[in-house]
Amino acid sequence: MKKVISILCLIMLCFSITACDNSETNENNQTSQHEVPRSDSTQQTDNGTASKKLTMIDLIITVGKKEFSAKLYDNQTTKELVKQFPLTVDMSEQNGNEKYYYLSNTLPTVSEQPGKIHAGDIMLYGDNCLVAFYKTFSSSYKYTRIGYIEDEASFVQVVGDGNIKLTFDLAKHEKTQGE
């Protein structure tokens, strides 16, 4: 009988030791999600000094007769996408939070898992699916960041449910600089 009690005490001791383990099991602590600035800004380095200014490309998105100002990140994906502008597309409704359109050609990608997607974000899913989000939500999917709509609240009101036609074009001053 003493042997059984000793074994039970030993087992309880083992459980109590593992219960005091200090390791983190929360997945959010294991993955790092970084927020991409949503405006022209200067990035800070680890030692606090300013590094190069984040360059944005001005874009106009037209829905019906309503125009929205947007910013494109200056990356290889957007440089290739801009070559197709002006681009008018019939975007389909998806999941009550996004509009999407499959481009006829592929674009270079630098996919990442953003974690949180914001209303107004413009991203590329895969290498040819252009997506405009109109709700903020968490996602485990990978996207390449393209840009964002500056007045996302008005955009949300205009897009509504169902499919929609959008035109993407560079702002007038961007067109003159690129020529």
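Read in order, the letters of the sequence shown are residues -19 to -1, 1 to 160 in mature numbering (1 follows the signal peptide of the UniProt record, and there is no 0).
The C-beta atom is built at its ideal place from N, Cα and C for all residues, glycine as well.
All of these numbers come straight from a predicted model, not from anything done at the bench.
| query | result |
| --- | --- |
| ALA134 - DSSP class collapsed to helix/strand/coil | helix |
| Option in LEU40, VAL140 and ASP39 with minimal Cα separation from TYR81 | VAL140 |
| Bridge-paired residues (DSSP) for LEU40 | ALA51 and LEU151 |
| Minimum C-alpha distance to GLY101 - residue among LEU151, VAL91, LEU68 and LYS52 | LYS52 |
| Contacting residues, own chain, Cβ-Cβ under 7 Å from ASN78 (five flanking each side not counted) | PHE114, TYR115, LYS116 and PHE118 |
| Coil, strand or helix - GLN75 by DSSP | strand |
| VAL91, buried or exposed, once every other Cβ within 10 Å from all chains shown has been counted against 16 | exposed |
| Short Cβ contact (8 Å threshold) for PRO67 with PHE136 | no |
| Three-state secondary structure assigned by DSSP to LEU62 | helix |
| Paired residues, beta bridge with LEU68 - DSSP | PHE149 |
| Whole-Å CB distance - ILE130 paired with PHE49, under 8 Å assumed | 5 Å |
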